[in-house]
Amino acid sequence: MRSLVRALLARCPVCGSRGIWRSYGQTVDACPGCGYRFSREEGYWAGALIVNIGVAMFLFFVVFVGGMLVTWPDVPWTGLLITLLVVMGLAPALLYRQSKTIWVWLDQRVHPYVGEERDWEQS
Ligand SMILES: [Zn+2]
Numbered sequence: 006m007r008s009l010v011r012a013l014l015a016r017c018p019v020c021g022s023r024g025i026w027r028s029y030g031q032t033v034d035a036c037p038g039c040g041y042r043f044s045r046e047e048g049y050w051a052g053a054l055i056v057n058i059g060v061a062m063f064l065f066f067v068v069f070v071g072g073m074l075v076t077w078p079d080v081p082w083t084g085l086l087i088t089l090l091v092v093m094g095l096a097p098a099l100l101y102r103q104s105k106t107i108w109v110w111l112d113q114r115v116h117p118y119v120g121e122e123r124d125w126e127q128s
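One rule links them: number in my numbering = place in the sequence shown (from 1) + 5.
Listed below in structure tokens is the structure:
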């Protein structure tokens with residue numbers, strides 16, 4: 006659970022280090038805190054794209070259904086549409102970092118980081 010919180014805060018899911026970003030959306034090659042290699046293989050970040058789309062779809066659902074439930078029966082359709090356009094326009098960009106760290110967190114659930122890449126005794 007702690008590693009998920011780290012991922013949601015766009016930190017290294019393995020150790021919690023903040024210095025994993027070279028630029029807004031580009032990670033460093035390896036975490037300065039634990040040595041975890043973020044550049045795994047060709048196409049690795051396609052999973053982060055799927056996470057980003059999934060989060061955007063979830064936000065769409067929450068805003069759309071929540072907006073309808075809160076304002077029912079006089080739903081302001083135009084206002085709801087504008088709100089959805091703004092949310093769907095901004096959320097994927099604003100949550101891009103989290104998409105990558107959540108993807109690393111998910112990958113860690115399936116393929117734990119062991120062996121010569123990292124000393125597990127550190128955490
Ligand atoms: Zn780390």
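Backbone N, C-alpha and C define an ideal beta-carbon position, used for all residues, glycine too.
Counting C-beta neighbours from all protein chains within 10 Å, is the total for residue i 16 or more, i.e. buried, or is it exposed?
i	result
Ile87	exposed
Arg23	exposed
Ala51	exposed
Thr32	buried
Ser28	exposed
So the candidates are the options; which of them puts its Cα closest to the Cα of residue i?
i	options	result
Thr106	Leu99, Ala53 and Ala98	Ala53
Glu26	Tyr101, Leu111, Pro117 and Trp110	The amino acid at residue 26 is misidentified as Glu; the sequence shows Trp. Residue Tyr101 is the option with its Cα nearest to Trp26.
Gly94	Phe65, Glu47 and Thr76	Phe65
Am I right that residue i and residue j are in contact with their C-beta atoms under 8 angstroms? What's the rounded C-beta distance?
i	j	result
Ala98	Val60	The pair is not a contact, with the Cβ atoms about 12 angstroms apart (cut-off 8 angstroms).
Phe43	Val115	So it is not a contact: roughly 16 angstroms between Cβ atoms.
Ser8	Asn57	Not confirmed; about 19 angstroms, so no contact.
Phe63	Leu85	That belief does not hold up - the Cβ atoms of Phe63 and Leu85 are roughly 17 angstroms apart, past 8 angstroms.
Met73	Val80	5 angstroms
Pair every Cβ in the region 38 to 48 with every Cβ in the region 10 to 20, then say whether three or more of these pairs are closer than 8 angstroms.
Verdict: yes, contact present.
Whole alpha helix (DSSP H) elements within the region 90 to 124, 4-residue minimum:
101 to 115
Complete alpha helix (DSSP H) runs within the region 26 to 94 (minimum length 4 residues, chain order):
Counting only runs of 4 or more, we get 51 to 76.
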